[in-house]
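Q: Quick one: this structure, given as structure tokens, is what I'll be asking you about.
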Amino acid sequence: TQLADQKTLARQIYDAYLKNFSMNKAKARTILTGKTSTPPFVIHDMETLQLAEQTLVAKMVGSAGALKDREVEVRIFHCCQCTSVETVTELTEFAKSVPGFSSLDLNDQVTLLKYGVYEAIFAMLASCMNKDGLLVAYGSGFITREFLKSLRRPVSDMMEPKFQFAMKFNALELDDSDLALFVAAIICCGDRPGLVNVTHIEEMQENIVHVLQLHLLANHPDDTFLFPKLLQKLADLRELVTEHAQLVQEIKKTEDTSLHPLLQEIYRDMY
Amino acid sequence: KEKHKILHQLLQNSTSPVDL
Chain A
1 TQLADQKTLA RQIYDAYLKN FSMNKAKART ILTGKTSTPP FVIHDMETLQ
51 LAEQTLVAKM VGSAGALKDR EVEVRIFHCC QCTSVETVTE LTEFAKSVPG
101 FSSLDLNDQV TLLKYGVYEA IFAMLASCMN KDGLLVAYGS GFITREFLKS
151 LRRPVSDMME PKFQFAMKFN ALELDDSDLA LFVAAIICCG DRPGLVNVTH
201 IEEMQENIVH VLQLHLLANH PDDTFLFPKL LQKLADLREL VTEHAQLVQE
251 IKKTEDTSLH PLLQEIYRDM Y
Chain B
1001 KEKHKILHQL LQNSTSPVDL
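Next up, the structure:
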């Protein structure tokens, strides 16, 4: 019975993942390995960026709006924010589908999301990355790592640490069923600051982490150390988010640009 | 609660933050 319950939980979380995220690793890999009929539009300089802005992300950048005359760094930062806001929305719906999450104290649900969403975003972003660049605009565009690096500081410093993390993370060769449980484990984390009902969340976390361990053993029988390696990634992601939060504050100041209210809520008093 | 108004709203219904 216990084994059946664990398999059910793994399945429920995987189904919630497939249902709620518009992009997943299987889709991203199909595009990145050139197996789609139309390859993504490659953004590698100012000219290709402008073309992409007019077509792929016209709605996002508000082509007729206030950002049209702003510098490239500000426009790219704005696009990153839009993508983050969408993924936070998807993550919220995903979290609600994780058994037990919705019956937690509402303030604890908020705390879990506040601290978990960026770790989850960077873990899932790796699926859209290879060593040369990153899929954007639902896979219709591909922005090169070199172009992002060529931008003016501090915006140029924003993505490079995520690429470095992604290259190591992608070497673990997780699939979407593994990632679904990993993302659930990131969100249901008992040691976030300010949680009220820690015991309840720790029980949920233990359950999910145990299911993750069993799932990895079955899904990757040749990689016996995959589970401890993934636990280490949880710590790496926390560090990545701390650095990112500091960088965003710096960008906000130096570029004189605003943050989306949802992201403001998440970053405020975070670490 | 006021500090995380949008997160509360997202958790309680499916309002898109873009529309808020």
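Chains A and B supply the protein sequences, listed in that same order. Per this note's numbering, numbering through the first sequence is continuous, rising by one, with the last residue being 271. Per this note's numbering, numbering through the second sequence is continuous, rising by one, with the last residue being 1020. From the three backbone atoms N, C-alpha and C, an ideal C-beta is built for every residue, glycine too.
1) Check for me: the alpha helix (DSSP H) holding L262/A runs from which residue to which?
2) Mind checking whether D108/A and V183/A have CB atoms under 8 angstroms apart?
3) I'd like to know whether the C-beta of L56/A is nearer than 8 angstroms to at least one C-beta of chain B.
4) Give the interface partners of K252/A over in chain B, defined as CB-CB distance under 8 angstroms, in chain order.
5) In three-state DSSP terms, what is M158/A?
6) When the Cα atoms are used, what is the spatial distance from I201/A to C188/A?
7) Assuming contact is defined by CB atoms lying nearer than 8 angstroms, are V57/A and C79/A in contact in what I supplied?
8) Please give me, in chain order, every unbroken run of the alpha helix (DSSP H) with length at least 4 that falls completely inside the region 68 to 142 of chain A.
9) Do S278/A and A28/A have their C-beta atoms within less than 8 angstroms of each other?
10) So, is E239/A buried or exposed, given that buried needs 16 or more other C-beta atoms within 10 angstroms?
11) Is it buried or exposed, E119/A, if we count other Cβ atoms within 10 angstroms and call 16 or more buried?
12) Of all the residues that make up the region 96 to 111 of chain A, which are near chain B by a beta-carbon distance shorter than 8 angstroms?
13) Tell me which residues of the region 246 to 270 of chain A have at least one Cβ-Cβ distance to chain B shorter than 7 angstroms, keeping chain order.
14) Starting from F21/A, trace the alpha helix (DSSP H) both ways and give me its first and last residue.
15) Does the beta carbon of T8/A come closer than 8 angstroms to any beta carbon on chain B?
16) The beta strand (DSSP E) with F41/A in it runs from where to where?
17) Could you round the C-beta distance between K1003/B and R268/A to whole angstroms and report it? I think they count as a contact, below 8 angstroms.
18) Using DSSP with H/G/I as helix, E/B as strand and the rest coil, what is T144/A?
19) Quick one, which of L230/A, A235/A, Q213/A has its alpha-carbon nearest L172/A's?
20) According to DSSP, is R152/A helix, strand or coil?
21) Alpha carbons only, please: which of G100/A, H244/A, V72/A is nearest the one belonging to F147/A?
22) Checking contacts by CB at 8 angstroms: is K114/A closer than that to chain B?
23) Quick check on DSSP: helix, strand or coil for Y14/A?
24) Which residues in chain B have a C-beta closer than 7 angstroms to the C-beta of T87/A? List them in chain order.
25) Can you name, in chain order, every residue of its own chain whose Cβ lies under 7 angstroms from the Cβ of G139/A, other than the five neighbours on each side?
26) With distance defined between alpha-carbon atoms, name the residue in I121/A, H220/A, S150/A nearest to I274/A.
27) Of the residues F142/A, T83/A, M204/A, which one's Cα is nearest the Cα of T33/A?
28) Counting only the same chain and skipping the five closest in sequence on each side, list residues whose C-beta sits under 7 angstroms from that of A64/A.
29) In the DSSP assignment, find the alpha helix (DSSP H) that holds L56/A and state where it starts and stops.
30) Can you pull the chain B neighbours of T144/A, defined as C-beta to C-beta under 8 angstroms?
A: For this structure:
1) Here the alpha helix (DSSP H) through L262/A covers 261 to 267.
2) no
3) Closer than 8 angstroms: no.
4) Under the 8 angstroms cutoff, chain B gives no residues; its nearest Cβ is about 18 angstroms from K252/A.
5) helix
6) 6 angstroms
7) yes
8) 72 to 97, 106 to 125
9) With chain A represented from 1 up to 271, any question about residue 278/A goes unanswered, as that position is not in the structure.
10) exposed
11) buried
12) For the region 96 to 111 of chain A, which is checked against every Cβ of chain B, the residues closer than 8 angstroms are K96, L106, N107, Q109, V110.
13) Taken in chain order, the members of the region 246 to 270 of chain A whose beta-carbon sits within less than 7 angstroms of a beta-carbon on chain B are P261, L262, E265, R268.
14) F21/A -> no alpha helix (DSSP H), and no H or E assigned at all.
15) no
16) 41 to 43
17) 7 angstroms
18) T144/A falls in the strand class under three-state DSSP.
19) Considering only alpha carbons, the answer is L230/A.
20) coil
21) V72/A
22) yes
23) helix
24) When 7 angstroms is used as the limit between beta carbons, T87/A is near no residue of chain B, the shortest such separation being about 11 angstroms.
25) M23, K27, A28, I31, P40
26) An answer regarding residue 274/A cannot be provided, because it is not within the stretch 1 to 271 covered by chain A.
27) F142/A
28) The predicted model places A64/A with a pLDDT of 45, which falls under 50 and marks its position as unreliable; any figure quoted below should be read in that light. None.
29) That residue, L56/A, is in no alpha helix (DSSP H); it is neither H nor E in DSSP.
30) Residues of chain B passing the Cβ test: none, with the nearest at roughly 28 angstroms.
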